Structures are given as structure tokens and as C-alpha cells.
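Here the structure comes first, spelled out in C-alpha cells, and everything after it is commentary.
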Amino acid sequence: MNRASRRAFDQAAESLKTLFLRRKSRFADRRLRRPCSRMRCTTASMYSRNSTSERNIAAGEIDELSTQTLECLSDLGLWSYQLKLDSARVVFEDLALDVANWIITHGGYITLLEPVVNALTRQANAASDVDTLGKVYDRACSIIAYVAPDLGETTDSAALQPWLTLHINCAIIATRSQQPERMTAAYDMLETNLPQHFATFHEAGVRESRKTVCEDYVRETMRERLAKWTGCP
Numbered sequence: 099m100n101r102a103s104r105r106a107f108d109q110a111a112e113s114l115k116t117l118f119l120r121r122k123s124r125f126a127d128r129r130l131r132r133p134c135s136r137m138r139c140t141t142a143s144m145y146s147r148n149s150t151s152e153r154n155i156a157a158g159e160i161d162e163l164s165t166q167t168l169e170c171l172s173d174l175g176l177w178s179y180q181l182k183l184d185s186a187r188v189v190f191e192d193l194a195l196d197v198a199n200w201i202i203t204h205g206g207y208i209t210l211l212e213p214v215v216n217a218l219t220r221q222a223n224a225a226s227d228v229d230t231l232g233k234v235y236d237r238a239c240s241i242i243a244y245v246a247p248d249l250g251e252t253t254d255s256a257a258l259q260p261w262l263t264l265h266i267n268c269a270i271i272a273t274r275s276q277q278p279e280r281m282t283a284a285y286d287m288l289e290t291n292l293p294q295h296f297a298t299f300h301e302a303g304v305r306e307s308r309k310t311v312c313e314d315y316v317r318e319t320m321r322e323r324l325a326k327w328t329g330c331p
């Protein structure tokens, strides 16, 4: 965690703590009723562990560090969502995405995809130019490529939901960019990793392409992919 990230995290955690203390009696969720001291301990733990991450870490510690950090950020993001503190939630989710990139670099295991996918979705929705979309797309692709071997045999629907969302969002980003190479790569990933959802995505895509301004090759690509799976021209 660099200085700017630590400052953003500290400010978000402080604003969340203040609002939590003011409203905690309104929540039934047990996790939201934890003493605020627990939040301070979690914050301190994140600081110390992310400081450790700047140095060499033994292979056995990487997964522990990754899991605890993502769990912490996921909990803080949940609290922020429950308290409708969007500015704090954005900070925690963006940090989760940074943590995912750190995990990929160090060969760890990404145990929680939800906050990572949330960050990518929000960043993609906010992007208005091809270059920014391209950067978000590249990050999504790197996570898909890294996580795919671990989820290939997973049948648990809860575990697969963020995985599906990640693929769908990556395909949408590629379509919005209207770049043929990105579209082909994203559609191939969806077709390979989640073939049971491929036709549904393209059915929706074909309908949407009729209502939005896009290049002819985008519409044609969507129709060709749909026809491949349904036999309908």
C-alpha cells in the first residue's frame, strides 16, 4: 500500500467508523454490530501486512496475506454499502483490485472476487473513451486468465457468480470499445470458460445492438456468434 493509497484508506476507514458509531443500533446484521474497536484492529492489521508485502514474503505467507487482506476489504466494503457510504466503498473496492494485481504478481490465490469485480464494473461504467476502456479490459483479462484454472471445475453457484459477472463485464467492455481484437478475445474466453451462458449474452447483445449506435461489424459479430450456438441466423 503506497502513501496515497494508505491515506485514502485511512480517510475512508475513519469516515466509515464515524458513521458506524452514529448508526450501528439500526442494523440487525451481526457483522455490523461488531465493536468499533474491531474495525480499528482490522485497519491496523491491514497496514502492517501491506507494509510486509513491500518486502520479500515466503511462499507460504502469500495466500494468508492475500486472504486476510481481501476479507478485510470485503467486510469494509459491505459495511460501506449497508451504511450507504459510497465514497468509502469505492476506496475499499479499488484497493481490492490493487491487491488482486499484487496477488497475481506474487503467485498467490485470489480467494474473493466480489470486491475486485465490483471495482472493475464501476471503472468500466465510468469510462468514456477507448483508452480507459482498454486499461480496464486488460485488467479484467489478466484476472480471468489467472483465476480460470482454479474455477474450472467449480460447481458452487455462489463462487461462480462473480466469475460469471467478470466474464460478462469483460465482454461488454470489449463490445463498447468496438475493437475487433478485443471482442474476439473476450467472446472466446466466455465461450471457453462459461459456454452455458454464451448464447444468453449474445441474445441480449443482438437486441441491444439494434438500439444503440455501433459499427456494423459489431452487430455482425454478435449475430454470427449467436448463430454458432443457436443455429439461428
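When the letters of the sequence shown are read in order and numbered with our numbering, they come out as residues 99 to 331. Each residue gets a CB set at the ideal place from its N, CA and C atoms; glycine is no exception. Just so you know, these numbers come straight off a predicted model, no measurement behind them.
Beta carbon of residue i nearer than 8 Å to that of residue j
i, j, result
"residue 271", "residue 299", "no"
"residue 203", "residue 165", "no"
"residue 285", "residue 323", "yes"
"residue 172", "residue 112", "no"
Option nearest residue i by Cα separation, candidates the options
i, options, result
"residue 283", "310, 239 and 295", "239"
"residue 339", "116, 280, 207 and 247", "Since the first residue shown for the chain is 99 and the last is 331, residue 339 is missing from the structure and cannot be characterised."
"residue 191", "168, 202, 203 and 309", "168"
"residue 177", "242, 294 and 116", "116"
"residue 196", "245, 217 and 324", "217"
"residue 121", "221, 180, 162 and 107", "180"
"residue 205", "159, 256, 321 and 308", "159"
"residue 263", "199, 295 and 304", "295"
"residue 304", "325, 289 and 106", "325"
Simplified DSSP assignment, three categories, for residue i
i, result
"residue 158", "helix"
"residue 208", "coil"
"residue 103", "helix"
"residue 177", "helix"
"residue 183", "coil"
"residue 227", "coil"
Original post:
Counting pairs of Cβ atoms below 8 Å between the stretch 316–328 and the stretch 264–283, do you hit three or more?
Top reply: Here the stretch 316–328 lies against the stretch 264–283, with 3 or more beta-carbon pairs under 8 Å apart.
Original post:
Taking three-plus beta-carbon pairs below 8 Å as touching, is the stretch 225–238 in contact with the stretch 168–187?
Top reply: Touching, no.
Original post:
Counting only runs that start and end within the stretch 232–290, where is the alpha helix (DSSP H) found for 4 or more residues in a row?
Top reply: Qualifying alpha helix (DSSP H) stretches, in chain order: 255–275.
Original post:
Whole alpha helix (DSSP H) runs in the stretch 295–321 with 4 or more residues, listed along the chain?
Top reply: DSSP runs (the alpha helix (DSSP H)) wholly in the stretch 295–321: 296–309.
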